[in-house]
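I have placed the structure first, in the form of structure tokens, so that the comments after it can refer back to it.
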Amino acid sequence: MAKSNGQDLPFLVAGGGIGGLVSAYALASKGFLVRVFEQAPEFKELGAGIQLGPNVFRALERIGLKADMLEEAWVPGKLQMRDALTAEEVTTVPLGEPFRARFKQPYAVTHRADIHGVYLRACQGSNLISLENSRRVDDFVDHGDSVSIRLDNGEEARGRALIGCDGMWSKVREKVVGDGKPRVSGHIAYRAVLRREDVPDDLWSPDVILWAGPKTHFVHYPLRRGTLYNLVAVFHSDRYVEGWNAEGAKDELFARFAGQRPEVLRLLERIETWRMWVLCDREPVKDWSQGRVTLLGDAAHPMLQYLAQGACMATEDAVCLAEKVAATPDDVPAAFKAYQQQRYLRTGRVQIMARVYGEFYHARGVAAELRYMALHGRTAEQSYDGMAWLYDGM
Ligand SMILES: Cc1cc2nc3c(=O)[nH]c(=O)nc-3n(C[C@H](O)[C@H](O)[C@H](O)COP(=O)(O)OP(=O)(O)OC[C@H]3O[C@@H](n4cnc5c(N)ncnc54)[C@H](O)[C@@H]3O)c2cc1C
0 MAKSNGQDLP
10 FLVAGGGIGG
20 LVSAYALASK
30 GFLVRVFEQA
40 PEFKELGAGI
50 QLGPNVFRAL
60 ERIGLKADML
70 EEAWVPGKLQ
80 MRDALTAEEV
90 TTVPLGEPFR
100 ARFKQPYAVT
110 HRADIHGVYL
120 RACQGSNLIS
130 LENSRRVDDF
140 VDHGDSVSIR
150 LDNGEEARGR
160 ALIGCDGMWS
170 KVREKVVGDG
180 KPRVSGHIAY
190 RAVLRREDVP
200 DDLWSPDVIL
210 WAGPKTHFVH
220 YPLRRGTLYN
230 LVAVFHSDRY
240 VEGWNAEGAK
250 DELFARFAGQ
260 RPEVLRLLER
270 IETWRMWVLC
280 DREPVKDWSQ
290 GRVTLLGDAA
300 HPMLQYLAQG
310 ACMATEDAVC
320 LAEKVAATPD
330 DVPAAFKAYQ
340 QQRYLRTGRV
350 QIMARVYGEF
360 YHARGVAAEL
370 RYMALHGRTA
380 EQSYDGMAWL
390 YDGM
């Protein structure tokens, strides 16, 4: 069992998603007490896949959770982009030995519930962390030497500092940054997870395949040691529903993918129920720490998912934050500033580049031809060099 470093007031964490739990664990592993407040009645993640770049494994190694994360994950052999109208290969990035030799870490895909589960079990195993559900953080006050929060049931809690890990629609951000609602991208993601036996053999692939079409793309890959199959279909639409779990409309989906390859349409037809995500992000900012309050994960830098990095960035944030706090435990505001300083350009770059990749995936006409020209025939080394800014980091 970890031992407390002697400071009696805990760090308060608003939100028990991926970012909140990994922050709690990273801080506890440095000896700090933590209370996590999650508004939902349980600590739980949605059923969908998530890709994990090599950069996240470097962060996980620093908090001792890499092996746990790989246990249920699937390690694909390659990332491949195909043209959704012609099935032609646009580009392939091999993920085998040369990739691991280049980045010293693997590329894996996992279930959201599995990444969340690894963090949840790690937190449950620490005597320094208290996990409290059905507790919504409604407000906070920074007293200079401590922070207090007000919960939805009127209760108050006092802590040494507050970390807002309350996601895209963060309450904590409202007071720290105050930049209004997130930007609606006009892109919608429909997602579904199938059982392996429900996927016809000729459509199953061990790899991450991305079908790039005009104003659409479709991604699929196996999950949970190959027992499940993850599908994500993204298209342009002006619908807006706040939150991450609304039911999708099949007709709209098929209208957007009309005319695409049979491999795409046959897989789309396998799905009974689609869940819908309206994709939003924000402009990058750098002032997300104020005194004893800071933000982390989507609350700090919400991004479109086109680089598959939101959860990876939240994990990197958490490791960085805990290391900065441990370096100056008696000056938490300075530690929070140092954390922000180390993170904002990296996360801002991912926010901006994710938009660019979205345009790239959805290109049509001349833009699609230029995409082909730019990517086709690249060597593995050239692809790795192109991703080094992201995958070599943290
Ligand atoms: C379609 C799609 C695909 C994606 N694919 C990838 C991928 O492949 N790889 C990757 O790394 N990332 C991916 N992401 C991004 C990733 O899912 C997010 O970046 C990540 O989940 C953010 O975690 P978080 O903890 O910061 O926020 P959230 O997951 O939003 O968690 C916030 C938590 O806070 C709680 N909460 C909110 N308000 C309050 C409050 N006031 N009080 C208490 N609790 C509160 C919520 O209930 C929730 O549990 C994808 C996202 C989407 C939409």
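Just so you know, the sequence shown maps onto residues 0 to 393 in numbering that gives the first Met the number 0. Where a beta carbon is used, it is the ideal one built from N, C-alpha and C, also for glycine.
Might you give, ordered along the chain, the residues of its own chain that have their beta carbon closer than 6 Å to the beta carbon of R149, omitting 5 neighbours on each side? Counting from 1 along the sequence shown, the entry for residue 149 is found at position 150. Only D137, D138 and E155 meet the Cβ criterion.
Where do the N-terminal and C-terminal ends of the beta strand (DSSP E) with F234 fall, by residue? The sequence position of residue 234 within the sequence shown is 235, counting from 1. Counting along the chain, the beta strand (DSSP E) containing F234 begins and ends at L227 to H235.
Proximity below 9 Å, CB of P328 to CB of A337: Position 329 of the sequence shown, counting from 1, holds the residue named residue 328. Position 338 of the sequence shown, counting from 1, holds the residue named residue 337. Against a cut-off of 9 Å, the Cβ pair of A337 and P328 comes out as no contact.
Rounded Cβ spacing between W210 and R81 (contact assumed at less than 8 Å): Locating residue 210 in the sequence shown gives position 211, where the first residue counts as 1. Locating residue 81 in the sequence shown gives position 82, where the first residue counts as 1. That belief holds up - the Cβ atoms of W210 and R81 are roughly 5 Å apart, short of 8 Å.
Let me know the secondary structure DSSP gives A86 once reduced to three states. By one-based count along the sequence shown, residue 86 stands at place 87. Coil.
Less than 9 Å between the beta carbons of V231 and A47, yes or no? Walking along the sequence shown from the start, residue 231 turns up at place 232. Walking along the sequence shown from the start, residue 47 turns up at place 48. For the 9 Å CB-CB criterion, V231 and A47 form a contact.
Which word fits S3, buried or exposed, when buried means at least 16 other C-beta atoms lie within 10 angstroms of its C-beta? Residue 3 sits at position 4 when you count from the first residue of the sequence shown. Any reading at S3 is ruled out, since the residue's pLDDT is 44, under 50, leaving its predicted position unreliable.
Given 8 Å as the limit, tell me if A188 has its C-beta closer than that to any heavy atom belonging to ligand 1. Reading the sequence shown from its first residue, position 189 is the one you call residue 188. Yes, ligand 1 has a heavy atom inside 8 Å of this Cβ.
CB of M372 to nearest heavy atom of ligand 1: below 8 Å? By one-based count along the sequence shown, residue 372 stands at place 373. No; taking the cut-off as 8 Å, the Cβ of M372 has no heavy atom of ligand 1 nearer than that.
Since T109 is in the beta strand (DSSP E), which residue starts that stretch and which ends it? As a first step, residue 109 is located in the sequence shown; it is residue number 110 there, counting from the start. DSSP places T109 in the uninterrupted beta strand (DSSP E) bounded by A107 to H110.
On the premise that I187 lies in contact with M275, defined as a C-beta separation below 8 Å, what is that separation, rounded to the nearest angstrom? Locating residue 275 in the sequence shown gives position 276, counting from the first residue. Locating residue 187 in the sequence shown gives position 188, counting from the first residue. Approximately 6 Å separates the beta-carbon atoms of M275 and I187; this is inside 8 Å, confirming the contact.
Give me the Cα-Cα distance between A191 and D144, rounded to the nearest whole angstrom. Locating residue 191 in the sequence shown gives position 192, where the first residue counts as 1. Locating residue 144 in the sequence shown gives position 145, where the first residue counts as 1. So the two alpha carbons sit approximately 47 Å from each other.
With distance defined between alpha-carbon atoms, name the residue in I49, G163 and Q123 nearest to D297. Here residue 297 refers to the residue found at position 298 of the sequence shown. Residue G163 is the option with its Cα nearest to D297.
Give me the Cα-Cα distance between K103 and Y390, rounded to the nearest whole angstrom. Counted from its first residue, the sequence shown places residue 103 at position 104. Counted from its first residue, the sequence shown places residue 390 at position 391. Those two C-alpha atoms are separated by around 10 Å.
Compare the C-alpha of S236 against each of N229, E251 and R224 and name the closest. Here residue 236 refers to the residue found at position 237 of the sequence shown. That would be E251, whose Cα lies nearest to the Cα of S236.
Check C319 in the structure and name its three-state DSSP category. Stepping through the sequence shown from its first residue, residue 319 is reached at position 320. If DSSP states are grouped into helix, strand and coil, C319 belongs with the helices.
Report the rounded CA-to-CA distance for P221 versus A373, giving the unit in angstroms. In the sequence shown, counting from the first residue as 1, residue 221 sits at position 222. In the sequence shown, counting from the first residue as 1, residue 373 sits at position 374. Roughly 28 Å separates the two Cα atoms.
Please state whether DSSP places L64 in a helix, a strand or coil. For this step, residue 64 is matched to residue 65 along the sequence shown. If DSSP states are grouped into helix, strand and coil, L64 belongs with coil.
Bridge-paired residues (DSSP) for S147: Within the sequence shown, numbered from 1, the residue matching residue 147 stands at position 148. Answer by DSSP bridge pairing, in chain order: V140 and R157.
With the cut-off set at 9 Å, would you say I62 and A326 are in Cβ contact? In the sequence shown, residue 62 corresponds to position 63, counting from 1. In the sequence shown, residue 326 corresponds to position 327, counting from 1. No, the Cβ-Cβ distance between I62 and A326 is not below 9 Å.
Along the chain, which unbroken stretches of the alpha helix (DSSP H) at least 4 residues long are found entirely within the segment 175 to 224? none
Per DSSP, W73 is paired with what? Counting from one through the sequence shown, the residue named residue 73 turns up at place 74. Note: W73 sits in a beta bridge opposite V108.
Please indicate yes or no: does the CB of G296 lie closer than 8 Å to some heavy atom of ligand 1? Mapped onto the sequence shown, residue 296 falls at position 297. It does: the Cβ of G296 is within 8 Å (strictly closer) of some heavy atom of ligand 1.
Given this structure, state the Cα-to-Cα distance separating L278 from Y189, to the nearest angstrom. Within the sequence shown, numbered from 1, the residue matching residue 278 stands at position 279. Within the sequence shown, numbered from 1, the residue matching residue 189 stands at position 190. Approximately 10 Å between the Cα atoms of the pair.
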